[in-house]
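Number of protein chains: 2
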Amino acid sequence: MAEKQELTQNQYPETLCRTYAFARRMHSTPKSFIREILKVTEDPGIISFAGGLPNPDLIDVDGIAQAAAAVLREDGRTALQYSTTEGYLPLRRFIADRYKKRLGLNVSPEEILITNGSQQCLDLVGKILIDPKDRVAIERPGYLGAIQVFSLYEPVFVPVDLTSEGPDLSALKAATVRDAPKFFYCIPNSQNPSGITYSDKCRRECAAILGDTRTLVVEDDAYGELQFSGRSPVPFKKYLPDQTILTGSFSKIFAPGMRLGWVCAPPPVMDQLIVTKQASDLHSNYLSQRIASRYLTDTDIDIHIHKIQAAYKKQRDNMIAAMRDEMPEGVTWTNPEGGMFVWVTLPAGCSSMEVFSDALKERVAVLPGIPFYVDGGGKNTLRLNFSNSSAERIAEGIQRLGRVIRSRTRQT
Amino acid sequence: MAEKQELTQNQYPETLCRTYAFARRMHSTPKSFIREILKVTEDPGIISFAGGLPNPDLIDVDGIAQAAAAVLREDGRTALQYSTTEGYLPLRRFIADRYKKRLGLNVSPEEILITNGSQQCLDLVGKILIDPKDRVAIERPGYLGAIQVFSLYEPVFVPVDLTSEGPDLSALKAATVRDAPKFFYCIPNSQNPSGITYSDKCRRECAAILGDTRTLVVEDDAYGELQFSGRSPVPFKKYLPDQTILTGSFSKIFAPGMRLGWVCAPPPVMDQLIVTKQASDLHSNYLSQRIASRYLTDTDIDIHIHKIQAAYKKQRDNMIAAMRDEMPEGVTWTNPEGGMFVWVTLPAGCSSMEVFSDALKERVAVLPGIPFYVDGGGKNTLRLNFSNSSAERIAEGIQRLGRVIRSRTRQT
Chain A
2 MAEKQELTQN
12 QYPETLCRTY
22 AFARRMHSTP
32 KSFIREILKV
42 TEDPGIISFA
52 GGLPNPDLID
62 VDGIAQAAAA
72 VLREDGRTAL
82 QYSTTEGYLP
92 LRRFIADRYK
102 KRLGLNVSPE
112 EILITNGSQQ
122 CLDLVGKILI
132 DPKDRVAIER
142 PGYLGAIQVF
152 SLYEPVFVPV
162 DLTSEGPDLS
172 ALKAATVRDA
182 PKFFYCIPNS
192 QNPSGITYSD
202 KCRRECAAIL
212 GDTRTLVVED
222 DAYGELQFSG
232 RSPVPFKKYL
242 PDQTILTGSF
252 SKIFAPGMRL
262 GWVCAPPPVM
272 DQLIVTKQAS
282 DLHSNYLSQR
292 IASRYLTDTD
302 IDIHIHKIQA
312 AYKKQRDNMI
322 AAMRDEMPEG
332 VTWTNPEGGM
342 FVWVTLPAGC
352 SSMEVFSDAL
362 KERVAVLPGI
372 PFYVDGGGKN
382 TLRLNFSNSS
392 AERIAEGIQR
402 LGRVIRSRTR
412 QT
Chain B
2 MAEKQELTQN
12 QYPETLCRTY
22 AFARRMHSTP
32 KSFIREILKV
42 TEDPGIISFA
52 GGLPNPDLID
62 VDGIAQAAAA
72 VLREDGRTAL
82 QYSTTEGYLP
92 LRRFIADRYK
102 KRLGLNVSPE
112 EILITNGSQQ
122 CLDLVGKILI
132 DPKDRVAIER
142 PGYLGAIQVF
152 SLYEPVFVPV
162 DLTSEGPDLS
172 ALKAATVRDA
182 PKFFYCIPNS
192 QNPSGITYSD
202 KCRRECAAIL
212 GDTRTLVVED
222 DAYGELQFSG
232 RSPVPFKKYL
242 PDQTILTGSF
252 SKIFAPGMRL
262 GWVCAPPPVM
272 DQLIVTKQAS
282 DLHSNYLSQR
292 IASRYLTDTD
302 IDIHIHKIQA
312 AYKKQRDNMI
322 AAMRDEMPEG
332 VTWTNPEGGM
342 FVWVTLPAGC
352 SSMEVFSDAL
362 KERVAVLPGI
372 PFYVDGGGKN
382 TLRLNFSNSS
392 AERIAEGIQR
402 LGRVIRSRTR
412 QT
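In order, the protein sequences belong to chains A and B. Each residue of the first sequence is one higher than the one before, counting from 2 in this note's numbering. Each residue of the second sequence is one higher than the one before, counting from 2 in this note's numbering.
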C-alpha cells in the first residue's frame, strides 16, 4: 500500500486531487487479502503452503513444445488468426468424448464453451445469472476465487455448512426453501479449501433436494481428474443435466499458464454464456487451444494424469504423516482423496492469523481460512497446499508449523 | 435458431419445460446480429467485406514459431505455470517504452495491465465504472463490440455525432453538461466503423471540454500503429493523463489469435482493474505473453509494422479506386488514413439491410451499419473491411456491390 502511494505521488501528482466514481459493485468486493499474503510468500527462501500452484515438475514441457511446433508449422496462419467464440471444435469434442468415457455424461460439443481457465466460467455464470441481492448458495467454507468474482455481481451469499460427506443436507434444504437461491455453487471433488469429496450418498440426496427447486447447480470440477484412487464419482450434471452448469479446467492436468478451461451447460444457458463470452473477450486464446488439442491427440493423457495422481498422493501422504507427528492435540485436519489441499482446524480460540504471522517468522507460509467464509467465522482454520512442495520441504515446513502451533495452543 | 431448437429437442427433452431466470442485464444486450451475419459470410466462395479480420499473410508465423520454441526451450516450466495478474513485466515495460518513444507518454509499467485483447479492457472498464442507468457517452456511429460489452452493465448511452474531424464539439459539450457521463468512449485513430481519424485541433478542443468535467476518457487505440502515413497523433492520454484510460492491442500488429491487449490507467483506476481482472480469469495467457515479449525483443517490430501499413494502404487504395469507378451518384464514403474500414453512406431511403441481402445473392458480404447506432439510425450506412481481401477480390467485390447499389438506388 505504501509502495502504491509513492508511485502515485511521483507520477501523478494530480491524481491525488482527482477522485474516481467507481461502480457500486467495487465496494462489495472483499479486499484481496490473499493477494497480499501471496506476495509476502513469493520469497523462494520461504516454504510456502499458502498458494495453490500445481507442481511445475509435472508439466510436460517437451510434449507441449512439440505440439506448439507442429501447430505453428502445419497451420500457423490459422492458429494465430481470430477464431470463433465457442472455441476450437476438436478440443470441445475431446472434452465431450472424455465426459462420456469417464463419467457416462451425454453432452455434445455444442454444449461446451472454451474459457480462460475455469475461473472465467464463474465470471460468465455470475454475469448471466446474478442480479443485485439475488441469493447465491455456496459451501461453507467456500472457494475464495468464486466468492471474489460473484461478489462483483452483488448477490447475498447463503452459506451451506460442509460435513465430511458433503453439504449438510438439512442446511441445504433449508437454504433452498428459505432463500430460493439462483444457484448453488459447489466443488464436489476435493473441494477447495476443505479437500472434502462428497460421498455418493450425499450427492444423490443433494440432487434430490435441488431437483425439486428452481435453483441451478454450478458444479466446479477443477479437481475431478485429480482423485488419487482414480475413481470418478457421479457428478451433479448426471443427476440434473438440464439444471447443472459444469465447469472444468486444463490447468491441473495440462498447463495453468495457458489459461484453458471450459463450461458445459444446457443449450439455453449456453446461448447466454456465448453472448457474454463474446462481449468479454471475443474468444479464448486460439493458439493455445490448438496446442492443447494437438497435445491431447498426440499424448496418452491418461498416463500423464496417473503420474500426477501418484505424485500428489505421495505429497499428500507426506503432509498427513508429518501432521500426525508434529501437530499437538486438539488440531484436526482433513485427509483429502484428491486435489491439492489439506484443511486444518485449530483448537477454538487459536487464531490462524496469529499462526500465520508466527509461521512467517519461521519462514513457513500458510493460508488463514478467513477469506473462505462469507459470513465471518473460520478464524481458527488454515489451508495447506501440498502439490507444490518437495517431500523435504513438506517435512521441514510441517515441523516448523507444528512448533508454532504448539507454542500458540500452550498460550490459549 | 432452427438448428438450436433441434439440438434442444434431441438432447434435452426436459429443457423445453425448464425456464431459466437470467439476470436482468441479459435482456438489455443487443441481439448479436453481427454474429449471425458473419456466420452467413463464412463460406469462402463469398467475397467478404463484412468482418474485421487482419490480413493473415501479414502474420509473421516463422518469427512467432521461433519465439515460441525459444521460450519453451529456455524457460518452459515457468512460462506454463500460473503467473501474476498484472502480466509479464518485460512486456509491460516494452509497452511503456514504446509509448514514450512513439507518443511521448510518460507511463510506468505499473500503470499497464495485460488483458485478453483490448476487448477485455472494455469489459473491465465497464465493470469498475458503470452502475445501471449511468450515462456513457459514445461516438455515433460507435464500435459495436463496445456497445455490446457496456450494455451488460446497463448504462444509458449518450451518442455524440462524428464529423470528418472527430466528435461534433457542441454535441460533446452538451452531452457532458446535460448528462455528466461516467466516461466518453472513443477511438480517435481510424475509428471503427467510420474510419475517421480525429484532427489535432479537434483533439485539443475535445480535451479542453472534457478536462473541465469529471467524465473520464476511455481511449481505444487498437489502430494507432496502423496509420498509413506513419504519423502518430497526440492521444488524449497526453492531454488528460489522470483522466484517461488508454487501451491497446497486439491483435493488429502481432497475432489476433493470441488475444493480447493492454490497458494503461492512472494508479487508482489500475488498482480496481487489477482486482477485477483477477476475479475474471486470474491473469492473461502467460505463455503467449512470454512469446510476444520474446518476439518483440528478437524482431524489429517497426519494420514489420511498416510492412502492414504499406499493405493496408494499398488495399485501401484499391477499394477507394474501385468505389470511385463503381458507385452511383449519391453514395459517399470515408477515405481512412489508417485502420481496416471504409464507411459508406447510401442515399437517404436506400436500405443497407436490403443492399446486404441483394449483395449476398451476388456472393458479396457487407456489414449494415445499424448495430453501430445506439439510438437507431444509420439505416443507409455500410461498413466495408479492406484488410482481409486481395486486390482482385476487392475489385470484383466492389464491382458486384456497385451493381447491387445502382439497381437499388434506381428503385428508390
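For each residue, glycine too, the CB sits at the ideal point set by N, CA and C. Bear in mind the structure is a predicted one, so any value in this text is a computation, not a measurement.
Shown here is that no member of the stretch 316-327 of chain A has a Cβ falling below 9 Å from a Cβ of chain B. Per DSSP, reduced to three states, the secondary structure at A/V367 is coil, with no helix or strand assignment.
Put simply, the CB of A/A138 is far from chain B, with every gap to its CB atoms at 8 Å or more. The three-state reading of DSSP puts B/N386 in strand, counting E and B together. Here the C-alpha atom of B/V332 lies approximately 38 Å from the C-alpha atom of B/W263.
For the pair A/G340 and A/S191, the CB atoms are nearer than the 8 Å cut-off. The straight-line gap separating the alpha-carbon atoms of B/D213 and B/E37 is approximately 42 Å. Rounded to whole angstroms, B/I321 and B/N336 show a C-alpha spacing of 7 Å.
Spanning the alpha carbons of A/V178 and A/V219 requires a straight line of approximately 18 Å.
Of all residues in the stretch 123-156 of chain B, those with a C-beta nearer than 7 Å to a C-beta of chain A are D124, K128, I129, L130, I131, D132, Q149, V150, L153, reading in chain order. If you draw a straight line from the Cα of A/I302 to the Cα of B/T79, it is about 21 Å long. At a cut-off of 8 Å between beta carbons, A/S191 makes no contact with chain B. A/I48 has A/V365 as its beta-bridge partners, per DSSP. In this structure, B/Q290 places its C-beta atom within 8 Å of the C-beta atom of B/G88. Against chain A, the beta carbon of B/M259 has neighbours under 7 Å at L81, N286, L288, listed in chain order. The beta-carbon distance between B/N381 and B/T346, rounded to whole angstroms, is 6 Å. This is short enough to meet the 8 Å contact definition. A direct Cα-to-Cα measurement between B/E111 and B/G249 gives close to 15 Å. From the listed residues B/D221, B/S84, B/A175, B/F251, the smallest Cα separation to B/P55 is found for B/F251. Contact between B/Q120 and B/G146 holds: CB atoms are separated by about 6 Å, below the 8 Å threshold.
If you check each beta-carbon in the stretch 57-71 of chain A against every beta-carbon of chain B, the ones closer than 7 Å belong to P57, I60, V62, I65, A66, A69, A70.
Going by DSSP, B/Y313 is part of the alpha helix (DSSP H) stretching over 302-327.
Annotation: B/Y83 to B/Y287 spans about 7 Å, alpha carbon to alpha carbon. Residues of the stretch 208-228 of chain B with a Cβ closer than 9 Å to any Cβ of chain A, in chain order: R215, L217. For A/F158, no alpha helix (DSSP H) segment is defined; the enclosing uninterrupted segment is the beta strand (DSSP E) at 157-164. Assignment of alpha helix (DSSP H) within the stretch 217-262 of chain A, counting only whole runs of 4 or more residues, yields 237-240 in chain order. Nearest to B/D376 by alpha-carbon distance, out of B/V157, B/I113, B/L81, is B/V157.
For A/S84, the chain B residues whose C-beta falls within less than 9 Å of its own C-beta are P257, G258, listed in chain order.
Distance between B/A71 and A/R260, taken at the CA atoms: about 20 Å. For A/V159, there are no C-beta contacts with chain B under 7 Å, since the nearest C-beta of that chain is about 16 Å from it. Residues of the stretch 264-285 of chain B that bring their beta carbon within less than 8 Å of a beta carbon in chain A comprise P267, P268, P269, V270, D272, Q273, V276, T277, Q279, A280, S281, D282, L283, H284, S285, in sequence order. Listed along chain B, the residues sitting closer than 7 Å to A/Y21 by beta-carbon distance are P269, V270.
Per DSSP, the unbroken alpha helix (DSSP H) holding B/F95 starts and ends at 90-104.
Approximately 5 Å separates the beta-carbon atoms of B/P168 and B/V161; this is inside 8 Å, confirming the contact. Across the set A/L81, A/F50, A/G46, A/R74, the C-alpha of A/L81 shows the shortest separation from the C-alpha of B/P257. Within 10 angstroms of the beta-carbon of A/S49 lie 16 or more other beta-carbons, which makes it buried. Legend: CB atoms of the stretch 171-196 of chain A lying less than 8 Å from CB atoms of chain B belong to residues K183.
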